[in-house]
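Residue numbers (the numbering used here), protein chains in the order written: chain E, 1 to 358; chain U, 1 to 403.
Heads up, the beta-carbon is just placed ideally off N, CA and C, and yes, glycines get one too.
These numbers come from a predicted model, not from an experiment.
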Amino acid sequence: MAIDQAVIDELRKEPGMPDIDLSWLREEDAPGIVAKMGKRGLTLDQINTGVYGEVPETATHGTTRSRGSIPRAGVLRTAYFVPEKSDIWADNATLIYEEAAQRQWSSATDIPWETVQPLPDIVEEAICQICTFLTEVEFIAGDAPGQWLKQISPDHYEVALYLISQVMDEARHLDVFRKRALVNGCGLLEAAGATRGLRNVLDSKDFTEMSALMHVLAEGFVQTMFRTGEFIAQNEAEKMIFRLCAQDESRHVGFGVMHLRYVLEHAPERREEIHHYLDRAEQLFGHPTDGGSSGLQEALLITMSGGTGDLDKGAEIAMALNKKQANEYMHRLEVAGLGDRRERMNPAFGMLLDPPKN
Amino acid sequence: MAQKTEKKPAATGNGVSDDLRRKAESKNWPIAIIEKALEGGVKEESLHQAMDAGMTPMQARQMLTEDRKIELGLAWTKVDTERGIRAEVGKKGLTIDAINVGSYADVPDIWPDQTMRPRGAYTKPGAVSMGYTIYSKAEVWSDNLGELYEEAIQRRWAPATDIPWESIAPLPEDRERAIGQILTALCEYNYAVILSLGKWVREVSYGFHEVKLYLSTVLFDAGRHYEAFRKRALANGRGLGVQAPGHRLMPIREAMCYAEMATVVFLMNDSFVLSLYQALAALAQNDAEVELFTLAAQDKARHLAYGVDHTRFLLKHQPERRDEIRRYLNKAEEYLTADRAADTPLREALAIHFGGGLKQIGDGFSKLNDFRHRQLQTYLSRLESAGIEGHENVLWPELAKDL
Ligand SMILES: [Fe+2]
Ligand SMILES: [Fe+2]
Chain E
1 MAIDQAVIDE LRKEPGMPDI DLSWLREEDA PGIVAKMGKR GLTLDQINTG
51 VYGEVPETAT HGTTRSRGSI PRAGVLRTAY FVPEKSDIWA DNATLIYEEA
101 AQRQWSSATD IPWETVQPLP DIVEEAICQI CTFLTEVEFI AGDAPGQWLK
151 QISPDHYEVA LYLISQVMDE ARHLDVFRKR ALVNGCGLLE AAGATRGLRN
201 VLDSKDFTEM SALMHVLAEG FVQTMFRTGE FIAQNEAEKM IFRLCAQDES
251 RHVGFGVMHL RYVLEHAPER REEIHHYLDR AEQLFGHPTD GGSSGLQEAL
301 LITMSGGTGD LDKGAEIAMA LNKKQANEYM HRLEVAGLGD RRERMNPAFG
351 MLLDPPKN
Chain U
1 MAQKTEKKPA ATGNGVSDDL RRKAESKNWP IAIIEKALEG GVKEESLHQA
51 MDAGMTPMQA RQMLTEDRKI ELGLAWTKVD TERGIRAEVG KKGLTIDAIN
101 VGSYADVPDI WPDQTMRPRG AYTKPGAVSM GYTIYSKAEV WSDNLGELYE
151 EAIQRRWAPA TDIPWESIAP LPEDRERAIG QILTALCEYN YAVILSLGKW
201 VREVSYGFHE VKLYLSTVLF DAGRHYEAFR KRALANGRGL GVQAPGHRLM
251 PIREAMCYAE MATVVFLMND SFVLSLYQAL AALAQNDAEV ELFTLAAQDK
301 ARHLAYGVDH TRFLLKHQPE RRDEIRRYLN KAEEYLTADR AADTPLREAL
351 AIHFGGGLKQ IGDGFSKLND FRHRQLQTYL SRLESAGIEG HENVLWPELA
401 KDL
């Protein structure tokens, strides 16, 4: 349905009417779109139809123009975006973003803080040491995607929205572990200092490098640890914290795995390059000078022994956790299409792998 | 993690190849560790790699040996941090302000540490920089950060499911195209904020974690507005309109310091944007738009609350920066007027929307003028709350015409 030109001509004759143009109301400039509500409401996938759903392989403009809107001549550039879709894309970005919007939680009110009761001193200290480590490292995973936002084109806005949801999640993670450390009579303890592995994430000059290091490797390890949280937690509040954080981390890891897969499918020539990033990252994460995290290791032993003082029991669980971390890491790489990593994985992790299932 | 110990007999000492034994001896690895590893299913090749890569026997033992005598150093329990902290869970739960107890509440004027050490924790000497650039509290701080952070989380909404999209019925072509054009401009504004804030979140040093947390919620809000406005534009048959000229976005991307960005975004632009959101809520054409713009305005009000408080805090602690801040405001005002002059589609779309249809566009223009006047008055009164008085005398001349 077009606007009646006669109406416009009449309007122009009205006394006191400022100059009106109205050329933006041309019929051909409104391509029409039929976005329908789905089971999960009006989602991004639902509105990705017609021209609005056509994600260009290459972002060609440096402005904030929204995908599908009518280009205007002479607009000033806003940024240099990563042009190639294959360098930043993941097919599950929209799904993960919508899930993040649905599953936000509040560390102030969704954690049963009243279940945190006095613990033996050493156990409380161990929990606080673990929380110190986590509140310290969590927001590196907020800073890193944050600093990439300025390079994500609005043509690929789905990725930007996903990255934003991760920044928000990590804010909550920083916050919830700090809260736990300060609620039960102890406080923060020893931070590891900036570790080389995490510096490496912030230093990444390539999006896929950043994503592989942060999402697949680092957050993968953290997620496995969160999912083993019932062995660390001393009460319902801590169990809930680990459960909710693990749910968030699954999204971050899920984005990373699917991004890696997209890259390997669309730019297979990058395989060796990606191995190289992981060679270096695995070495840094497993490096003896990385982290000075003996505090974390000891605290895990103490909590995993259930506060019984039976450190052997704690060590057994910690060992099982290490193995699980390595194996789940390997599994994610396989899903991403990087199964050949098994042969060159850093021995610090490689020696923990179960034999491949065929 | 269930099957751990019950599967294998004790190590027999057999099964270690000569090659491996030789390497173990040359690297000072006890044979017992090698045996233990093989017994645990580690491949011989991996052990070669581990020794070649320089893994110490100590590390290997930590990973492999289950029956050693474990000795804890516990140095981390002896660090000099404040203990005995028992933050109270209040009516609003355990809030970020509630844990600001004792020395953990001390936010220094200059944060002294380039590492990611959390405020109040101890870091061993030798920790390295993480490359933050903002260490001045006055540059970023406001006393309402914690409150706004928690409020943002409590009042979260999901555009997919919290907006009654089904209430949107077909509209006349002119009305639908007009709202699509207005939302096109608002999407771009929010995207520009996203591009800018992502960078600034990362620059703030770790000691001011409340700022990082709060900015994360603003990013999330901006993303949500971008998403929700795009959804509305695409929900009713038409879609987005003509790209905005982008002038008003220039001062946002060009901000050289955080205070400049905060002035331009949270004080100046957000004031005009909030007024527009509120007007759009009042002029809503269906329940979906009522909800959409009311919720968006609620978010935007938080951004502005920070903008006002932050500027007041900054000027209280660094009063010498008053003229500098005015310059940022003037620049943003200049570019806003340039944008308005260039953006015919938006101006006409607003007139159609305010007038209630294309045929009433003449009336719409005069309503738009009234709105501009109110928008500017509100902006000036917000500046006053922020401690910037008399700005009407130094407004960018083009903008002053709306007075
Ligand atoms: Fe996290
Ligand atoms: Fe994460």
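Please state whether the Cβ-Cβ distance between residue i and residue j is less than 8 angstroms.
i, j, result
"U:G131", "E:K150", "no"
"U:F104", "U:R119", "At residue 104 of chain U the sequence reads Tyr, which differs from the Phe that was named. Yes."
"E:R361", "E:I140", "In the structure as shown, chain E begins at 1 and stops at 358. Residue 361 of chain E is therefore absent and cannot be evaluated."
"E:I33", "E:I88", "no"
"U:I325", "U:T311", "yes"
"U:G387", "U:L315", "yes"
"E:R67", "E:P154", "yes"
"E:W24", "U:Q181", "yes"
"E:L188", "E:C245", "no"
"U:L380", "U:E398", "no"
"U:E188", "U:L249", "yes"
"U:Y206", "U:L148", "no"
"E:L284", "E:R196", "yes"
"E:M304", "E:A318", "yes"
"E:G142", "U:S216", "yes"
"U:N236", "U:E176", "yes"
"E:A183", "U:Q243", "With the sequence shown as reference, residue 183 of chain E is identified as Val, and Ala is not the correct amino acid for it. Contact: no."
"U:A341", "U:M268", "no"
"E:I302", "E:I122", "yes"
"E:I164", "U:R230", "no"
"E:P6", "E:E27", "The sequence shown places Ala at residue 6 of chain E, rather than the Pro named in the question. No. Outside cutoff."
"U:G223", "U:I252", "no"
"U:A169", "E:A101", "no"
"E:E236", "E:T115", "yes"
"E:Y262", "E:A90", "yes"
"U:I33", "U:R21", "no"
"E:N327", "E:D354", "yes"
Under the criterion of a Cβ to heavy atom distance below 7 angstroms, does residue i qualify as lining ligand 2?
i, result
"E:E343", "no"
"U:A279", "no"
Since I believe residue j is in contact with residue i (beta carbons under 8 angstroms), could you give me their beta-carbon distance rounded to a whole number of angstroms?
i, j, result
"U:A480", "U:F313", "The structure shown does not extend to residue 480 of chain U, since chain U is modelled only from 1 through 403, so no value can be given for it."
"E:G254", "E:K239", "So it is not a contact: roughly 22 angstroms between Cβ atoms."
"U:V218", "U:H303", "6 angstroms"
"U:D343", "U:K300", "Not a contact, Cβ separation roughly 20 angstroms."
"E:L42", "U:W165", "5 angstroms"
"U:T123", "E:A191", "5 angstroms"
"E:H252", "E:E219", "5 angstroms"
"U:G15", "U:L38", "6 angstroms"
"E:T94", "E:L44", "4 angstroms"
Within the present structure, is the beta-carbon of residue i separated from the nearest heavy atom of ligand 1 by less than 7 angstroms?
i, result
"E:H173", "yes"
"E:E170", "yes"
"E:C128", "no"
"E:E238", "no"
"E:E328", "no"
"E:C131", "no"
"E:E138", "yes"
"E:V222", "yes"
Flag residue i as yes when its Cβ comes closer than 7 angstroms to any non-hydrogen atom of ligand 4, and as no otherwise.
i, result
"E:C245", "Ligand 4 is absent from the structure shown, which contains only ligand 1 and ligand 2."
Listing by chain order, which chain C residues have their CB less than 8 angstroms from the CB of residue i?
i, result
"U:F220", "Of the protein chains in the structure, E and U, none is chain C."
Whole alpha helix (DSSP H) elements within the stretch 253-299 of chain U, 4-residue minimum
Fully enclosed alpha helix (DSSP H) runs of 4 or longer: 258-262, 270-282.
Under 5 angstroms from any heavy atom of ligand 2, by CB: list those residues in chain order, please.
Sorted by position in the chain, E:A141, E:E219, E:E249, E:H252 make up the residues whose C-beta lies under 5 angstroms from a heavy atom of ligand 2.
Go through the stretch 309-342 of chain U residue by residue and report every complete run of the alpha helix (DSSP H) that reaches 4 residues or more, in order.
If you keep only unbroken alpha helix (DSSP H) runs of at least 4 residues inside the stretch 309-342 of chain U, you get 322-342.
Which runs of the alpha helix (DSSP H) spanning at least 4 residues fall entirely within the stretch 21-97 of chain E, listed in chain order?
44-47, all fully within the stretch 21-97 of chain E.
Report the start-end ranges of each beta strand (DSSP E) in the stretch 180-256 of chain U that is 3 residues or longer and not cut off at the edges.
Fully enclosed beta strand (DSSP E) runs of 3 or longer: not present.
Please give me, in chain order, every unbroken run of the beta strand (DSSP E) with length at least 3 that falls completely inside the stretch 72-122 of chain U.
If we require 3 residues or more, the stretch 72-122 of chain U turns out to have no beta strand (DSSP E) run fully inside it.
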